[in-house]
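Undergrad: First, the structure itself, so that you have it in front of you.
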Amino acid sequence: DAGVIQSPRHEVTEMGQEVTLRCKPISGHNSLFWYRQTMMRGLELLIYFNNNVPIDDSGMPEDRFSAKMPNASFSTLKIQPSEPRDSAVYFCASSRRGRTNEKLFFGSGTQLSVL
Amino acid sequence: KQEVTQIPAALSVPEGENLVLNCSFTDSAIYNLQWFRQDPGKGLTSLLLIQSSQREQTSGRLNASLDKSSGRSTLYIAASQPGDSATYLCALNAGNMLTFGGGTRLMVKP
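Protein sequences, first through last, are from chains A and B. Start counting the first sequence at 1388; every next residue gets the next number (the numbering used here). Start counting the second sequence at 9; every next residue gets the next number (the numbering used here).
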């Protein structure tokens, strides 16, 4: 298995532009998580899905952030409009839901820079 | 709200030394605890997972312990190597959501 795949690897954009981050979870995993990592705040959970349904989006910082999971093999995190304070590394992770002994597998992340 | 703390934030040791990384948490109602490794510019790799009912897990030179009553976990690395240099994070699972500590940045010097 190729693991959790995220794209793009790096994204540089200007303030006000729309940014879309993409994630393909591991096949067979039915839980998907979006995390944001910054030096100041560490790793923060933004939202997670079970069986393509958003379960908890309380970590989404503002209405500018939205996430979708149209099917079991694809998810997007969108920021519109983007701001410089959104600059961070965004990670997607997946696991098998309902099994407490299942590890969480992370993608390589998207380094976002908003100028 | 679960709070996870890792001390120290950074650690530098000479090659070959045995070392212990610490993780403390405030809420013992957890399903499991995971230790992750993160290399610079990379994602997180799960090293060890300890179930709530377990006391420790071992993988090679790594041994992780869990003491829920005291709200503590340790990651023991034996005979450290330069290749062990990375940031190590602990994360607690309380209902399919992980709460991460801030991490310990480890440097093993040749």
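Yeah, the Cβ is synthetic: ideal placement off N, Cα and C, and Gly gets one too.
1. How would you call ILE15/B, buried or exposed, if buried means at least 16 neighbouring beta carbons within 10 angstroms?
2. Would you say LEU106/B reaches chain A, if we count a Cβ-Cβ gap shorter than 8 Å as a contact?
3. For chain A, check one thing: does any of its Cβ atoms lie closer than 8 Å to the Cβ of SER78/B?
4. Would you please state the rounded distance, in angstroms, between the beta carbons of LEU52/B and GLN46/B? I believe it to be under 8 Å.
5. Output, in chain order, the set of chain A residues within a Cβ distance shorter than 9 Å of SER54/B.
6. Based on the DSSP secondary-structure assignment, which residues constitute the bridge partners of ASP1443/A?
7. Cβ closer than 9 Å: which chain B residues qualify as neighbours of GLY1429/A?
8. If you draw a straight line from the alpha carbon of LYS1465/A to that of ARG1451/A, how long is it in whole angstroms?
9. Give me the chain B residues within the contact set of TYR1477/A, using Cβ-Cβ distance strictly less than 7 Å, ordered along the chain.
10. Going by DSSP, what residue range makes up the beta strand (DSSP E) through ALA99/B?
11. Rounded to a whole number of angstroms, what is the C-alpha to C-alpha distance between THR1407/A and ALA1454/A?
TA: According to the structure shown:
1. Translated into the one-based positions of the second sequence, residue 15/B becomes position 7. Exposed, by the Cβ-count rule.
2. Translated into positions along the second sequence, residue 106/B becomes position 98. Output row for LEU106/B: interface = yes.
3. Working through the second sequence from its first residue, we reach residue 78/B at position 70. Not flagged as an interface residue toward chain A: SER78/B, since no C-beta distance is shorter than 8 Å.
4. The residue given as residue 52/B occupies position 44 in the second sequence. The residue given as residue 46/B occupies position 38 in the second sequence. So it is a contact: roughly 5 Å between Cβ atoms.
5. Walking along the second sequence from the start, residue 54/B turns up at place 46. Within chain A, the residues near SER54/B are LYS1490, LEU1491, PHE1492 and PHE1493.
6. As a working note, residue 1443/A is residue 56 in the first sequence. Looking at the DSSP assignment, ASP1443/A forms a beta bridge with TYR1435/A.
7. On the first sequence, residue 1429/A is found 42 positions in, with the first residue counted as 1. Residues of chain B with a Cβ closer than 9 Å to the Cβ of GLY1429/A are, in chain order, LEU97, PHE108, GLY109, GLY110 and GLY111.
8. As a first step, residue 1465/A is located in the first sequence; it is residue number 78 there, counting from the start. As a first step, residue 1451/A is located in the first sequence; it is residue number 64 there, counting from the start. Rounded to the nearest whole angstrom, the C-alpha separation of LYS1465/A and ARG1451/A is 8 Å.
9. By one-based count along the first sequence, residue 1477/A stands at place 90. Those do not exist, as TYR1477/A stays about 11 Å from chain B at its closest Cβ, beyond 7 Å.
10. Numbered from its first residue, the second sequence carries residue 99/B at position 91. First-last of the beta strand (DSSP E) with ALA99/B: 94-101.
11. Numbered from its first residue, the first sequence carries residue 1407/A at position 20. Numbered from its first residue, the first sequence carries residue 1454/A at position 67. So the alpha carbons of these two residues sit roughly 9 Å apart.
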